[in-house]
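Here's the structure we're looking at; comments come further down.
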Amino acid sequence: MILWTICMLHLSKLKQLLSQNSLLDFVQAGEKSHLKNRTLNHSIDVSRLAIPISGNHQMYIELNGQACLCDVKPGTMVWMPEGSWNSPTWDQPVETLTLIFDNKSLRLNLMTKEKGQKETILNSIVWNPLPSSGLSELMELIMNSEKKVLRHLLQAFVYMIVELPKPVIHQGKAYQTWKGIHDYIMENASEEITRSSIAKLFQINPGHVSHLYHEFSDQGFADSLNLFRLKISKELLRNSNLTISQIANLSGFESANYFARLFKSEFGLPPSLWTRE
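Under my numbering, think of the first position of the sequence shown as 65, with each following residue one higher.
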């Protein structure tokens with residue numbers, strides 16, 4: 065399995081990184097209940113852990129009620145609990161492993177952005193369910209732990225991930241492909257994403273992308289992508305002093321006018337007035 069070999073190669077890089085750092089530096093994005101005036105209709109409903117392997121991973125996250133741009137380098141991990149918000153920029157060369165926690169399953173996304181390359185490269189593997197090695201119990205502890213012990217639990221979890229056996233696929237390939245697409249746009253909605261670019265990334269026909277969303281989601285591909293982008297825009301409107309044009313661009317919209325029309329259609333107010341509510 066080529067995909068497994070690629071991911072294991074990068075997990076070995078992570079193992080080397082861990083051996084060089086007795087404790088990884090730790091950043092935690094704001095939780096849903098801690099954000100000021102937060103009323104999200106489309107929050108990211110899974111917890112994520114981002115660990116750069118090489119390069120510089122830039123992302124916007126919520127810290128102390130504000131949208132902040134963080135430069136995350138090897139030796140640092142970013143914990144984003146369920147309901148929290150983040151928006152990677154992918155402007156610089158970087159290799160990042162993102163662990164996505166979803167009930168009793170775990171997805172590992174390896175994102176690679178090379179110098180001079182416009183698009184990111186995705187490799188993804190899923191453990192569903194997690195092997196009976198104590199990972200499920202540890203993941204439950206992580207979800208319910210206090211911040212003072214969270215860092216140590218996460219590091220223990222990462223050490224265990226490095227030693228995991230190859231996953232056994234229990235769900236159909238079609239669902240796994242759709243879930244991979246869904247998770248990818250959830251993490252990268254602010255990027256230049258189209259149905260064709262997703263099809264190229266996942267090596268399928270563009271029409272098959274639409275078919276997968278028809279089969280496994282109550283939203284179409286474009287609607288799902290736009291809702292993730294609107295979520296990013298709400299965070300930026302609430303927690304920054306950026307202009308509407310800047311927010312539209314950072315959220316992934318090519319046109320500020322289109323963004324404003326879509327925002328008003330979804331939330332009943334144009335973005336310039338919504339921030340005052």
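Cβ atoms here follow ideal geometry from the backbone N, Cα and C, with glycine treated the same way.
- Task: Use the C-beta contact count for Ser288: other C-beta atoms within 10 angstroms, 16 or more gives buried, fewer gives exposed.
- Result: buried
- Item | Nearest to Asp166 (by Cα), restricted to the options Arg112, Ile185, Ser304 and Phe292 | Arg112
- Item | Anticipated Cβ contact below 8 angstroms, Ser315 with Leu300, distance rounded | 7 angstroms
- Task: Verify whether the separation of the beta carbon atoms of Ile189 and Val110 is less than 8 angstroms.
- Result: no
- DSSP on Asn173, reduced to helix/strand/coil? strand
- Query: Using CA coordinates, which residue listed in Asn128, Leu174 and Ser151 is at the minimum distance from Ser118?
  - Reply: Leu174
- With distances taken from CA atoms, which of Pro116, Leu161 and Asn187 is nearest Gly244? Asn187
- Query: Where does Val213 land, buried or exposed, given buried means 16+ other C-beta within 10 angstroms?
  - Reply: exposed
- Item | Unbroken stretches of the beta strand (DSSP E), 3 residues or longer, contained in the stretch 236-309 | none
- Item | Burial state of Glu251 (16 or more Cβ within 10 Å) | buried
- Message: Could you tell me the alpha carbon to alpha carbon distance between Ile66 and Trp338, rounded to whole angstroms?
- Response: Only weak support is given to the placement of Ile66: the predicted model assigns it a pLDDT of 49, under 50, and the question is left unresolved by the model.
- Task: Can you tell me which of the three DSSP states Pro342 falls into?
- Result: The shown model of the chain, from 65 to 341, leaves out residue 342, and the question about it has no answer.
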